[in-house]
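Engineer: Next up is a structure, given as structure tokens.
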Amino acid sequence: MSTFFFDYNSTTPVDPEALEDMLPFFSDVFANPSGQTSEMSWKAQSAIKASHLQISKLLGCKPQEITFTSGATESINWVLETFIRDKKSILLSEIEHDACFQKANEYELSLFFKSHQDGSADIDSLKSQVEQVPSGSLVNFIWAHNELGTILEVEDCIEIAKKAGHFVHLDATQALGKIEIDFKKLGADFLSCSAHKVYGPKGIGALVINSSTVSGMKPLIAGGGQQNGLRSGTLNPPLIVGFGKACEIALNRLAKDQEHYKGLREVFLNEIEGLNYKLNGSQSKYLTNTLNISLIDWKSPSPLFMELMPFSVSQSSACSTESNKKRILSALGIPEAQTIRISFGRQTTPKDCMALADKVKSTLRG
Ligand code: PLP
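Taking the numbering used here, the leading residue of the sequence shown gets 129, the next gets one more, and so forth.
Structure (structure tokens):
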């Protein structure tokens with residue numbers, strides 16, 4: 129397998145230890161975890177309980193505040209739909225991930241606050257917009273930006289929204305496992321995330337619902353009443369177990385991962401010294417694994433990231449359609465063709481970064 133993968137913000141491989149923990153639940157322990165009568169069901173139930181605990185430790189929430197979903201997209205849609213059903217306003221930025229933006233954009237009671245070019249929130253705009261909507265509205269924040277790597281001043285943002293009497297939803301999909309999260313301390317009402325961004329399996333994620341501030345949450349998916357009636361459908365023990373283990377591992381190695389990415393970043397930037405480039409996104413609060421960079425000397429209209437293959441760098445979110453791909457860069461006035469997003473993972477080595485830098489330099493020379 130090529131090691132030249134620089135797109136870890138799009139997804140990550142399943143950690144081998146997480147995979148090992150998952151395997152028995154595909155075959156030996158296959159019983160439905162909602163069953164009452166088999167030992168296999170009880171085993172699955174206790175594994176799911178353990179997973180709640182592992183995830184809650186990484187998120188700083190109560191285990192019972194976690195509801196499993198198919199991933200962040202479903203979690204985000206669930207929160208937004210809850211407010212749409214009640215005809216409440218939704219406030220968000222124009223640089224949200226499509227999972228949030230597309231859902232909100234089709235709703236007439238959505239309102240946008242401005243962002244600065246580095247992806248941080250325009251606090252004056254936020255302050256003025258929270259006053260434009262009735263209290264009890266929903267305010268969304270993308271905590272760590274998937275394209276720019278910018279980490280939002282989330283405490284300040286939450287305080288502004290809360291002071292105006294609103295509910296707060298954090299899209300923590302890129303924050304998970306990359307920065308410290310203390311849901312309880314933050315005082316947000318909802319948090320969405322996906323396992324596959326944190327070396328867990330695809331197809332599983334969570335919505336965290338603050339039990340002190342939210343009551344009467346209605347399900348998006350109705351049916352057999354699993355998960356206290358909040359999200360029906362047979363629970364998926366292997367994916368849940370993998371998600372839990374991945375979170376446990378992420379918590380144990382958070383500082384080590386951050387240092388690793390910092391080192392890789394330095395190697396890459398040293399190697400491209402002398403090139404005419406601009407780093408996009410906040411340079412004071414950012415995900416250490418993410419570099420968003422415009423190479424000014426790339427004058428061709430064809431996107432630079434395409435020329436860098438087989439190095440898997442990207443320009444924007446892997447999950448956007450072609451027409452949506454450039455939405456965020458163009459909203460921020462960042463030149464598209466010259467801009468690449470590099471996202472490092474645990475497997476990335478300094479040598480990989482040197483090879484990528486060589487490829488960038490040779491591509492620019494033409
Ligand atoms: N939010 C952010 C910030 C993301 O980066 C992503 C995926 O890239 C999502 C939401 C959607 O996650 P998923 O595709 O796992 O549902």
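Cβ coordinates follow ideal geometry from the N, Cα and C atoms, glycine included.
1) According to DSSP, simplified to helix, strand and coil, what is residue 488?
2) Which stretch, first to last residue, makes up the beta strand (DSSP E) that contains residue 321?
3) For a quick check, are the C-beta atoms of residue 203 and residue 333 less than 9 Å apart?
4) Using the Cβ count rule (16 or more neighbours within 10 Å means buried), how would you classify residue 410?
5) Evaluate residue 234 with the Cβ neighbour count: other Cβ atoms within 10 Å of its Cβ, from every protein chain shown; 16 or more gives buried, anything less gives exposed.
6) For residue 335 versus residue 206, is the C-beta spacing smaller than 9 Å?
7) Could you tell me the alpha carbon to alpha carbon distance between residue 251 and residue 296, rounded to whole angstroms?
8) Thinking C-beta only, is residue 258 closer than 9 Å to residue 219?
9) Have a look at the DSSP bridge pairing and note the partners of residue 243.
10) Assuming residue 223 contacts residue 247 under a Cβ cut-off of 8 Å, what Cβ separation, rounded to an integer in Å, is found between them?
11) In terms of residue numbering, what span does the alpha helix (DSSP H) encompassing residue 297 cover?
12) Just to check, is the beta-carbon of residue 325 closer than 8 Å to a non-hydrogen atom of the ligand PLP?
13) Within 10 Å of its beta-carbon, does residue 260 have 16 or more other beta-carbons around it, so buried, or fewer, so exposed?
14) Assuming residue 431 contacts residue 465 (C-beta within less than 8 Å), just tell me the rounded distance between them.
15) Is it buried or exposed, residue 164, if we count other Cβ atoms within 10 angstroms and call 16 or more buried?
Structural biologist: Result, derived from the coordinates:
1) helix
2) 318-322
3) yes
4) buried
5) exposed
6) yes
7) 15 Å
8) yes
9) 249
10) 6 Å
11) Unbroken run through residue 297 is the beta strand (DSSP E), 295-299; no alpha helix (DSSP H).
12) yes
13) exposed
14) 5 Å
15) exposed
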